[in-house]
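To start, the structure itself, in structure tokens.
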Amino acid sequence: MRDVAIIGIGHTKFGRASKTSLELFSEAALQAVDDAGVDLKDIEALFQGAALPGFEEGQVTPAAFSAAELNLGGGSIPATRYEGACASASIAIREAAEWVASGQCDMVMAGGVEKALLMGTLFATRIFAMACHAPTEGPAGLTFPGVFAMAARRYSKNYDIPMDKLREQMALVSVKNHKHGASNPLAQFYKKMGNLKVEDVINSKLVADPLTVLDCCPFSDGAAAIVLCAAEEARKYTDDPVYILGTGQGSGGALSKMDDLTKPDSRIKSARMAFKHAGLSPSDIDVLELHDCFTIAELIALESMGFFEWGEAADATADGQTESDGKIPVNMSGGLIGKGHPIGATGASQVYWIVKQMRGEAAKGNQIDPVPEYGMTDTLGGDFGTLCHIILGRGK
Amino acid sequence: MMTTKKVIGKEQEEIEKEYKEYTVLSLAEYEEGLRNGKLLGLRCASCGGITCHPMPVCQWCGGRSLARVELCGEGELMTFTVIRVPSEGFEEEAPYIPCLVKTKEGPCVIGRLDYDTESATQELIGKQVKMSGTHTCKGDKFSDGAHTCPVFKIQE
Chain B
1107 MRDVAIIGIG HTKFGRASKT SLELFSEAAL QAVDDAGVDL KDIEALFQGA ALPGFEEGQV
1167 TPAAFSAAEL NLGGGSIPAT RYEGACASAS IAIREAAEWV ASGQCDMVMA GGVEKALLMG
1227 TLFATRIFAM ACHAPTEGPA GLTFPGVFAM AARRYSKNYD IPMDKLREQM ALVSVKNHKH
1287 GASNPLAQFY KKMGNLKVED VINSKLVADP LTVLDCCPFS DGAAAIVLCA AEEARKYTDD
1347 PVYILGTGQG SGGALSKMDD LTKPDSRIKS ARMAFKHAGL SPSDIDVLEL HDCFTIAELI
1407 ALESMGFFEW GEAADATADG QTESDGKIPV NMSGGLIGKG HPIGATGASQ VYWIVKQMRG
1467 EAAKGNQIDP VPEYGMTDTL GGDFGTLCHI ILGRGK
Chain S
25 MMTTKKVIGK EQEEIEKEYK EYTVLSLAEY EEGLRNGKLL GLRCASCGGI TCHPMPVCQW
85 CGGRSLARVE LCGEGELMTF TVIRVPSEGF EEEAPYIPCL VKTKEGPCVI GRLDYDTESA
145 TQELIGKQVK MSGTHTCKGD KFSDGAHTCP VFKIQE
């Protein structure tokens, strides 16, 4: 198998878009090929994450239409939509890397797109809940905030953290991620909520007890795309290739079949697969973009991936260990909470911001110093249904 | 000399006879059980573990030799939440309480908790509960029809 490099990246502004999903993805794709200095005709296959286009715009096979509108590869190349709920783009990138690694293709495009904001909260909450186990979690009326609210209550119980204290610790995740989102010109909340206080989070509207609206990421529109090629060719196109060192993927079932909502097996196994593939461990990682769909989700992710012991991520966050100068800087882009979460695009956005960090081009206030050597993404789809991890490095 | 050509293909009756269904307890039967006040599951011949809601294999060991069993309907409240911002179609029900219950027989089940939403706090977790009824969601244009889940009540 060959090594694989990322040579070009693109990312639309996240938030409310007047463009169609096809137009949004095209914007990101054109940025990515220009960044790589390659031609649209050089792309041999497209791997596109899109979670719910059928419900958003009445559109299926969006990847085929994207490839056609961009005339990728000169036309008629393999173009496939990947669906793993909020992890759609990450599994698309993982597949793309495999195709290049195997020698099937030399240069491909991967990414994702979503237009979820126009649906409004009621309808978006309904279709996002489709990633719950429909037969059993459907009649119970579970929503996504509901799933993570249940996990938060379990976290409080497991580690004997009083709920009032845990709510403050969770709020600090929102404060941190909004701070960085407010500094990110492509973020949904750019220049907004950069000085959020713990009380603001706790006193905002309850969505699903104990989570408030500021414990939750927003609904968003947006797209992101990357160009990948064989590592040995990468320096022909860029002085700063970023290599895909390892990937992992895991799957989970109905919520009720999990041993512990705070220790998702799908995430533990996926992260281990990626670390093993890369030959690295959590202590090697310099920067992390992880799936903070809710504040509690960031804590659960950090522990499941092995960055902190079970039950210690809440204290570590309060201690500043996930800030830019901490043990492991987490979500310096603003994460899903501060940057926005166009679900099918999120995994590609995470990769985009790790690459930006490695180029030293993240926004001031968000860029870590020195430039990171190793970075990692963590993306979660559904209620722990699809997990994907990607480990990136500046060297092979 | 004429040679008889071998006829290839299989008799329709034979194909139909060979067709086998594997489901021991379907979701529809599980939900019908709930509506009759019974929490039904499956016992694994390999490990003795109980699977509930039903799955095609044992949820503990993946064993394939399963037989129907009735659970007692009692267990421990593992966690819950109060849904205040619901999905479309649930507007009139909110606020309401989805919950996760660990049954005495082992498996956890998702259901609703019959409790006052404004006094449901963290202290409820760990309390003993008993199945007290069912909740049926009529379904919408995106679902395959009505589905039923168990409703639990705190045992004082």
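Each protein sequence line maps, in turn, to chains B and S.
Per the working numbering, the very first residue in the first sequence carries number 1107; after that it's consecutive.
Per the working numbering, the very first residue in the second sequence carries number 25; after that it's consecutive.
Ideal Cβ placement from N, Cα and C applies to all residues, glycine included.
These numbers come from a predicted model, not from an experiment.
Check, Outcome
"Check each candidate in Cys71(S), Leu148(S), Cys161(S) and name the one with the smallest Cα separation from valine 125(S).", "Leu148(S)"
"Spatial neighbours of proline 1159(B) within its chain, please: C-beta separation below 7 angstroms, excluding the five flanking residues on both sides.", "Ser1127, Gln1165, Val1166, Pro1168"
"Looking at C-alpha atoms only, which residue of Lys1363(B), Leu1176(B), Asp1270(B), Lys1125(B) is the closest neighbour of valine 1139(B)?", "Leu1176(B)"
"Runs of 3 residues minimum, wholly inside the stretch 1109-1179 of chain B: which ones carry the beta strand (DSSP E) assignment?", "1110-1117, 1152-1155"
"Please check if any C-beta of chain B sits within less than 8 angstroms of the C-beta of isoleucine 178(S).", "no"
"Output needed for isoleucine 1460(B): all residues of its chain with C-beta closer than 7 angstroms, excluding positions within five of it in sequence on either side, in chain order.", "Val1393, Glu1395, Gly1481, Thr1483, Leu1498"
"Taking the alpha-carbon of glycine 1226(B) as reference, which of Ala1314(B), Pro1184(B), Asp1327(B) has the nearest alpha-carbon?", "Asp1327(B)"
"Going by alpha carbons, who is nearest to valine 1348(B) out of Met1464(B), Thr1318(B), Gln1154(B), Trp1416(B)?", "Met1464(B)"
"Using 8 angstroms as the threshold, is the C-beta distance between isoleucine 1149(B) and isoleucine 1112(B) below it?", "no"
"Checking the sheet assignment: what are the DSSP bridge partners for aspartate 1327(B)?", "Gly1121(B), Lys1221(B)"
"Starting from methionine 1269(B), trace the alpha helix (DSSP H) in both directions and tell me its first and last residue.", "1269-1288"
"What do you get for serine 1262(B), buried or exposed, if any count of 16 or more other CB atoms within 10 angstroms of its CB means buried?", "buried"
"Output yes or no for whether 8 angstroms exceeds the beta carbon distance between alanine 1198(B) and alanine 1173(B).", "no"
"Tell me the DSSP bridge mates of serine 1357(B)?", "Thr1492(B)"
"For isoleucine 1402(B), which beta-bridge partners are listed by DSSP?", "Answer is none; isoleucine 1402(B) lacks a bridge partner."
"Using only alpha-carbon positions, find the residue among Ser1455(B), Asp1321(B), Ala1293(B) that is nearest to phenylalanine 1254(B).", "Asp1321(B)"
"So, for phenylalanine 1203(B): in the same chain, excluding its five sequence neighbours on each side, which residues have a beta-carbon less than 7 angstroms away from its beta-carbon?", "Note that residue 1203(B) is alanine in the sequence shown, not phenylalanine. Correct list, in chain order: Val1110, Leu1334, Ile1350, Thr1353."
"Could you tell me which chain S residues have their CB closer than 7 angstroms to the CB of valine 1313(B), listed as they occur along the chain?", "Arg108, Val109"
"With C-beta atoms as the reference, is alanine 1151(B) less than 8 angstroms away from proline 1291(B)?", "no"
"Give the interface partners of arginine 1232(B) over in chain S, defined as CB-CB distance under 7 angstroms, in chain order.", "Ser111, Glu112, Gly113"
"To the nearest whole angstrom, what separates the beta carbons of glutamine 122(S) and glycine 1252(B), a pair I think is in contact under 8 angstroms?", "Position check: residue 122(S) holds proline in this sequence, whereas glutamine was assumed. With a Cβ gap of about 6 angstroms, proline 122(S) and glycine 1252(B) count as contacting."
"Whole-angstrom Cβ separation of threonine 75(S) and leucine 95(S), contact assumed at under 8 angstroms?", "Actually they do not touch by this definition, with Cβ atoms about 10 angstroms apart."
"By how many angstroms is the C-alpha of arginine 1373(B) removed from the C-alpha of phenylalanine 1414(B)?", "14 angstroms"
"Can you tell me the Cα-Cα spacing of proline 80(S) and threonine 172(S), whole angstroms?", "19 angstroms"
"Rounded to whole angstroms, how far is the Cβ of arginine 1260(B) from the Cβ of threonine 1368(B), which I believe are closer than 8 angstroms?", "5 angstroms"
"Please list the partners that threonine 47(S) has in chain B, where partner means a Cβ-to-Cβ separation under 9 angstroms.", "Neighbours of threonine 47(S) on chain B: none; closest Cβ ~13 angstroms, over 9 angstroms."
"Give a yes or no on whether the minimum CB-CB distance between leucine 1367(B) and chain S is below 8 angstroms.", "yes"
"Is there a Cβ of chain S sitting closer than 8 angstroms to that of serine 1357(B), yes or no?", "no"
"Given lysine 1462(B), which residues of its chain have a CB within under 6 angstroms of its CB, disregarding the five upstream and five downstream residues?", "Ala1468"
"Quick check on methionine 1107(B): buried or exposed, where buried means 16 or more other Cβ atoms within 10 Å of its Cβ?", "exposed"
"If you scan the stretch 1380-1436 of chain B from start to end, which runs of the alpha helix (DSSP H) of 4 or more residues do you find wholly inside it?", "1401-1410, 1419-1424"
"So threonine 160(S) is in the beta strand (DSSP E); what residue range does that whole segment cover?", "152-161"
"So which residues on chain S does glycine 1244(B) lean against when the C-beta distance must stay under 7 angstroms?", "Cys161, Ser167, His171"
"Are serine 111(S) and leucine 1442(B) closer than 8 angstroms when you measure CB to CB?", "no"
"Cβ closer than 9 angstroms: which chain S residues qualify as neighbours of leucine 1361(B)?", "Leu124, Cys132, Ile134"
"Please tell me whether glutamate 117(S) has its Cβ less than 8 angstroms away from any Cβ of chain B.", "yes"
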